[in-house]
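Step one of this worksheet: look at the structure below.
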Amino acid sequence: MAIDAYLEQLYRDGCRNDDAADSREGMMLNITPSTGMFLDLLIRDSKPSRILELGTSNGYSTLWIGRAAAAIDATVDTVDASAAKLERAKANLAACDLAEKVTVHQSDAGDFLRQCADDQYDLIFLDADRSRYVDWAPELLRVLRFGLMVVDNAVSHASEMFEFRRTLSQGFGFSVVVLPIGKGQMVVQSSSGRE
Numbered sequence: 001m002a003i004d005a006y007l008e009q010l011y012r013d014g015c016r017n018d019d020a021a022d023s024r025e026g027m028m029l030n031i032t033p034s035t036g037m038f039l040d041l042l043i044r045d046s047k048p049s050r051i052l053e054l055g056t057s058n059g060y061s062t063l064w065i066g067r068a069a070a071a072i073d074a075t076v077d078t079v080d081a082s083a084a085k086l087e088r089a090k091a092n093l094a095a096c097d098l099a100e101k102v103t104v105h106q107s108d109a110g111d112f113l114r115q116c117a118d119d120q121y122d123l124i125f126l127d128a129d130r131s132r133y134v135d136w137a138p139e140l141l142r143v144l145r146f147g148l149m150v151v152d153n154a155v156s157h158a159s160e161m162f163e164f165r166r167t168l169s170q171g172f173g174f175s176v177v178v179l180p181i182g183k184g185q186m187v188v189q190s191s192s193g194r195e
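For the sequence shown, counting from 1, position 135 maps to 135 in the UniProt record's numbering; every step adds exactly one.
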């Protein structure tokens with residue numbers, strides 16, 4: 001099956017799963033196809049060499065990121081705490097011949113970030129536990145090498161993102177813009193370099 005058809009089927013399966021799930025833990029909470037297309041375009045245009053995704057779930061967003069990364073010979077690390085979701089993600093990556101481009105890590109995102117080197121990533125895609133974003137902010141910015149960070153759900157969960165957005169812009173001096181793509185994409189970039 002071609003990757004576009006696979007993505008379409010996986011998105012439909014994720015929506016059906018989420019409609020039937022009886023708990024948040026059982027939901028896939030996938031990005032929208034328009035967000036996937038945005039990430040694909042952004043990665044191909046900005047050409048990061050190292051990409052970090054926090055919040056793998058079943059790998060739907062990871063497929064979009066991995067395909068774009070493969071086109072520009074970039075590497076991807078993706079992180080999720082759920083072993084069950086990561087098994088699905090690994091199977092989906094293998095089905096699309098992207099397993100070699102993406103390294104899958106089972107870990108708490110905060111713990112993973114603390115183990116990363118400074119300036120390790122050129123692009124970060126954040127779609128994880130929003131209640132922890134403010135606490136993760138210093139580590140996220142420490143591992144980001146003057147690149148971009150894209151954060152999902154900036155419109156659909158704007159109230160949950162308010163403090164994180166303010167921390168990035170006022171506390172750290174980063175440029176922050178919200179784009180009306182999918183559930184809202186917050187794009188973060190250093191406005192003048194870090195000290």
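Backbone N, C-alpha and C define an ideal beta-carbon position, used for all residues, glycine too.
Are the CB atoms of residue i and residue j nearer to each other than 9 Å?
i: Lys183; j: Val155; result: yes
i: Ile51; j: Leu123; result: yes
i: Leu148; j: Leu41; result: no
i: Phe38; j: Gln185; result: yes
i: Leu141; j: Phe164; result: no
Just to confirm the assignment, what range does the beta strand (DSSP E) spanning residue i have?
i: residue 209; result: The structure shown does not extend to residue 209, since the chain is modelled only from 1 to 195, so the question has no answer here.
i: residue 202; result: Not covered by the structure: residue 202. The range shown for the chain is 1 to 195.
i: Ser190; result: Gln185 to Ser190
i: Ile51; result: Arg50 to Leu54
For the alpha helix (DSSP H) that residue i lies in, which residues bound it at each end?
i: Gly36; result: Pro33 to Ser46
Roughly how far, in whole angstroms, is the beta-carbon of residue i from the beta-carbon of residue j, given that I think they are within contact range, below 8 Å?
i: Leu168; j: Ala109; result: Not a contact, Cβ separation roughly 16 Å.
i: Gly36; j: Leu7; result: 7 Å
i: Val76; j: Ile65; result: 6 Å
i: Ala71; j: Arg44; result: 6 Å
i: Gln120; j: Ala81; result: In fact, because the Cβ distance is near 20 Å, the residues do not count as touching under 8 Å.
i: Ile3; j: Cys96; result: 5 Å
i: Thr56; j: Val104; result: 7 Å
Buried or exposed for residue i, please, with buried defined as at least 16 other CB atoms from any protein chain shown within 10 angstroms of its CB.
i: Phe146; result: exposed
i: Pro48; result: buried
i: Val177; result: exposed
i: Asp22; result: exposed
i: Leu63; result: buried
i: Ser61; result: buried
i: Ala69; result: buried
i: Asp19; result: exposed
i: Gly193; result: Note on Gly193: pLDDT 49, under 50, position unreliable in the model; no value is reported.
i: Ala91; result: exposed
i: Glu195; result: At Glu195 the pLDDT is 45, less than 50, meaning the model places this residue with poor confidence; the figure from the coordinates comes in the next sentence. It is exposed - the Cβ of Glu195 has fewer than 16 other Cβ atoms within 10 Å.
i: Gly14; result: buried
i: Phe125; result: buried
i: Gly26; result: exposed
Every unbroken beta strand (DSSP E) inside the stretch 56 to 96 [3 residues or more]: 75 to 80
Contiguous alpha helix (DSSP H) assignments of at least 4 residues, all confined to the stretch 108 to 175: 109 to 115, 133 to 143 and 158 to 166
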